[in-house]
């Protein structure tokens, strides 16, 4: 087998137009450099699953016209305000929205992780979240007495795309406490990872490191993207670039400003 | 709040007669010193859930008359042969057996971890494992077409009892890759931990250590039991005491030999 | 929108009210970007000498999660979170919250971020405190356009949790039997004003009490003990409300 | 129970046969205490220049699990384990395996350890190779007393996996359409002997071939390249079968 470490564009090659792509929430290691590279490549019609929420990443992909369907619990720039391209796209109907709630997405990914067709979840009953999801089913729990419960079909993404602090030459990736990244990799057919750096040695060889490691067995390809979560943060490594996010929020407020943002920060490769 | 670190007997005090107790498989950190202390205390009528299998620990508790119900996928001394007290008890009908299969126990604990009444599992259909479990249900998957699937009710133990390499004064416990220990703690009402040693510092304060840490939030009490898994091993720390296990297998082959084993290695506290 | 000039700020009043609502529980979890509930939770912890346990989401230093993003929800599902806070773009008189959109869902007028965990946590956390400072007919509506999570369910639906109160910058509503009751009006505000600015119907007694102002002891505790703790997570809020600035590099959350 | 005196041992023959059964796949997982299947998997990996990926359960050095004891089963459920090995206290002609007990389940005569993961893995791993060296009417029975896992299911039952073969110290059975077929008899054994010692009925052609002995190249590969790798996990087996002893402290698994 050839090694898992590739150039960024090579690593992303397995994300085809129309793919179902799962990405992590805004604080778990968001592959922003990879996201910019995908936009430059002109990826189209993605079914994006943001587990369970997203911020800049989803907004950027939506604004750049890469998204057909968005499945998530929320998109927001947090303290920098609403996600403008997301809001605009939902209002203008240019993306198909599958509104969820956080634990439903976690459970649906865990269903694929466990190879079961569905997972049950409490809550949801009586909400319009459930009402608008005809792919979710309500059954009467066979362990209860008149006890309705929601069953969520497994979400099996084609590709999981994550960013992590480090990987080793064997393809093992250190994810630390962000264990939903492991679930994403287990659930997805393929996993593509960007990392800030390559760890010298085998992450599985040290019990302390191994405890926070996603085994290379699940990893299709890895690309080095130093500070690849920028302008978002990477837990325990660097915080968000607040100035840049504020700039984004201002620019993305209009379609023109967003186009200029893309020109300046995405297509120019300056920030890749 | 008073600190979580107690004497072994104090730590075990919350394990009442008749409790449902979940313990880990033979290679994940088995609290053997605690098991001997429970036998000395004369604990009775336990519903033991061995996740998903057990070796010496279950055999010892069964032989000592502490077990009413055993729920597991297998009990064996591995290369040291069958578990003699287990086999004898099943044949003589002195324990109630709930035969399972490994992933069913994992799933049933994860159900409690997630606060759902059941979890689905593939397999099982057509087996006598399923036939003898009237607490398991088969439904027609609402996502399939004539697609039967087994639903397993959540297992919610009163107490999870585990052994780990170390804990800190805040009650955080380093479990490394043995992540089913976290699931056990999440699923159980209370969690009691024995550790080889106390870590100087806060395990959650270091991202590398935190990745393998069960937060003290879930932990009721901790007792220091150096080499507390003996004569079983502790992953990455020490192996099994093969000589002792061979001795056990020989002695436990008869009721008399087992009684002598208890006298020598359990009641005498010599090995506690 | 400060309270009338007094010796406390409206944030301090709200935090004090919320701390009382929290009561004697084991674990309070506070969502991201919620400085006033965070102040209240830390205040309750100080008063309780370490109880309740307080988790401030979004702050790695003030949370214990090591099982990834799902652990919050699993923890709540286990019954290990007693108090949580929710807000809503719209909240109606039945306690329904809307975090999704106004207008028709298929053709929305305004799109909010989304339901987050509300469609689960609202059901399983015993005490959910609704918190929406903006008290207007725009936010407190007769009927939400989209139910992210309902205030109540039919009796057969598994629901150990739900709303117990709604606090705004004008008043405190209690919630029971599917209805809000005006429990108290904050100093400087009136019942008539509350009626005028509330889009839903609510119960009230003939004489609605004033929300008691925070005691000097509470203010002292909040300003001297709680505020420095808060400053690690919410430095701007702590500086603005309590005049607290941390020495040197204030700790910042990574997300 | 060695094969007739030849230039290979019966363990080597069995490993060679199993390596062929493994075929061209991505991932072979071998259960605890299974040195012959482990030899076969490592042999297949050598021949495939690193493919298949081989997991030797019970050996932390030769497994990648970091998600706890459930990961093996989750991995199989994801379709990421192509080959696994199962044994049984009893195996019957329909491919049913019994790892639980003989006699009535409520009043067993002999109790075995239990079903382990068989009631799941047998269904979801595409190629399950049954491996039972003891070939007798005690182990290969007309009907198992307890079905830990059935050989086949009704067509509507989700079952991407199942048995493809049964290998014993006397012969190799193939498995298809719910029946075993005698594919080959090992050198030094005969069809009549197989019939005599098999408690279930099976298909066979008029001329059952002999199991081909391992080639000199295979024996060289097994002895010189595979055996040293094996010795880390199964030092006693490697010493006994291949005369391999590791220099100094042989690696030992912690469980």
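Residue numbers (my numbering), protein chains in the order written: chain A, 1 to 272; chain B, 1001 to 1272; chain C, 2001 to 2255; chain D, 3001 to 3255. Every residue, glycine too, gets a C-beta built ideally from N, C-alpha and C.
Sub-8 angstroms separation of residue i and residue j beta-carbons
| i | j | result |
| --- | --- | --- |
| residue 1219 of chain B | residue 1193 of chain B | yes |
| residue 3130 of chain D | residue 3160 of chain D | no |
| residue 2068 of chain C | residue 180 of chain A | yes |
| residue 102 of chain A | residue 2122 of chain C | no |
| residue 2156 of chain C | residue 17 of chain A | no |
| residue 2201 of chain C | residue 2079 of chain C | no |
| residue 164 of chain A | residue 149 of chain A | no |
| residue 279 of chain A | residue 24 of chain A | The displayed coordinates of chain A run from 1 to 272. Any statement about residue 279 of chain A would go beyond what the structure contains. |
| residue 211 of chain A | residue 1211 of chain B | yes |
| residue 1216 of chain B | residue 1145 of chain B | no |
| residue 21 of chain A | residue 46 of chain A | yes |
Chain-order list of residues whose beta-carbon lies under 6 angstroms from that of residue i (same chain, five-residue window excluded)
| i | result |
| --- | --- |
| residue 3168 of chain D | 3132, 3135 |
| residue 1135 of chain B | 1153 |
| residue 2016 of chain C | 2214, 2218 |
| residue 99 of chain A | 129 |
| residue 191 of chain A | 160, 185, 218, 219, 220 |
| residue 2190 of chain C | none |
| residue 2252 of chain C | Because residue 2252 of chain C carries a pLDDT of 40, less than 50, the predicted location of this residue cannot be relied on, and the following value inherits that uncertainty. There are no such residues. |
| residue 2083 of chain C | 2022, 2025, 2028, 2127 |
| residue 3144 of chain D | 3090, 3092, 3096, 3098 |
| residue 3242 of chain D | 3223, 3227 |
| residue 1197 of chain B | 1166 |
7 angstroms Cβ shell around residue i - same chain, five flanking residues per side excluded
| i | result |
| --- | --- |
| residue 1113 of chain B | 1183, 1186, 1187 |
| residue 1260 of chain B | 1251 |
| residue 82 of chain A | 76 |
| residue 2250 of chain C | Confidence in residue 2250 of chain C is poor, its pLDDT being 38 and thus under 50, which makes the residue's placement unreliable; the coordinate value appears in the next sentence. Only 2231, 2232, 2235 meet the Cβ criterion. |
| residue 2002 of chain C | With a pLDDT of 43 at residue 2002 of chain C, under the threshold of 50, the modelled position of that residue is not reliable, and the figure given next carries that caveat. Within the same chain, residue 2002 of chain C has close Cβ partners 2009, 2010. |
| residue 2124 of chain C | 2076, 2077, 2160, 2161 |
| residue 1244 of chain B | 1231 |
| residue 2108 of chain C | 2101, 2102 |
| residue 2209 of chain C | 2184 |
Option in the options with minimal Cα separation from residue i
| i | options | result |
| --- | --- | --- |
| residue 1141 of chain B | A:153, A:268, A:145 | A:153 |
| residue 3034 of chain D | D:3025, D:3055, D:3021 | D:3055 |
| residue 1255 of chain B | B:1052, B:1089, B:1078, B:1190 | B:1089 |
| residue 3040 of chain D | D:3140, D:3222, D:3092 | D:3222 |
| residue 1014 of chain B | B:1203, B:1157, B:1078, B:1267 | B:1157 |
| residue 49 of chain A | A:155, A:78, A:63, A:34 | A:155 |
| residue 2126 of chain C | C:2245, C:2022, C:2239 | C:2022 |
| residue 3196 of chain D | D:3176, D:3140, D:3241, D:3026 | D:3140 |
| residue 1236 of chain B | A:216, A:191, A:209 | A:209 |
| residue 3026 of chain D | D:3048, D:3087, D:3038, D:3116 | D:3048 |
| residue 1226 of chain B | B:1199, B:1243, B:1021 | B:1199 |
| residue 1264 of chain B | B:1036, B:1009, B:1020, B:1021 | B:1036 |
Residues that residue i contacts on chain C, provided the C-beta gap is smaller than 8 angstroms
| i | result |
| --- | --- |
| residue 178 of chain A | 2068, 2069 |
| residue 1211 of chain B | 2066 |
Partners in chain B for residue i, counting only beta-carbon separations shorter than 7 angstroms
| i | result |
| --- | --- |
| residue 3123 of chain D | 1122, 1123 |
9 angstroms Cβ cut-off: residues of chain D touching residue i
| i | result |
| --- | --- |
| residue 1147 of chain B | 3156, 3157, 3158 |
8 angstroms Cβ cut-off: residues of chain A touching residue i
| i | result |
| --- | --- |
| residue 1164 of chain B | Going along chain A, no residue has its Cβ under 8 angstroms from residue 1164 of chain B, so there is no contact; the nearest lies around 12 angstroms. |
| residue 3074 of chain D | 113, 114, 115, 186 |
| residue 1141 of chain B | 117, 118 |
Under 7 angstroms by beta carbon: chain C residues contacting residue i
| i | result |
| --- | --- |
| residue 25 of chain A | 2069 |
| residue 91 of chain A | 2108, 2111 |
| residue 1217 of chain B | 2053, 2064 |
Proximal residues to residue i (C-beta, below 8 angstroms), its chain only, five neighbours per side dropped
| i | result |
| --- | --- |
| residue 3229 of chain D | 3042 |
| residue 64 of chain A | 39, 262, 266 |
Under 9 angstroms by beta carbon: chain A residues contacting residue i
| i | result |
| --- | --- |
| residue 947 of chain B | A query on residue 947 of chain B cannot be resolved here, the shown segment of chain B reaching from 1001 to 1272 and no further. |
The segment 28-41 of chain A in contact with the segment 229-245 of chain A per 3-pair CB rule at 8 angstroms: yes
At least three beta-carbon pairs within less than 8 angstroms, the segment 1114-1125 of chain B to the segment 103-122 of chain A: yes
Touch test, the segment 3144-3152 of chain D against the segment 1121-1130 of chain B, Cβ-Cβ under 8 angstroms, three pairs minimum: yes
Contact between the segment 3094-3103 of chain D and the segment 3111-3123 of chain D (3+ Cβ pairs under 8 angstroms): yes
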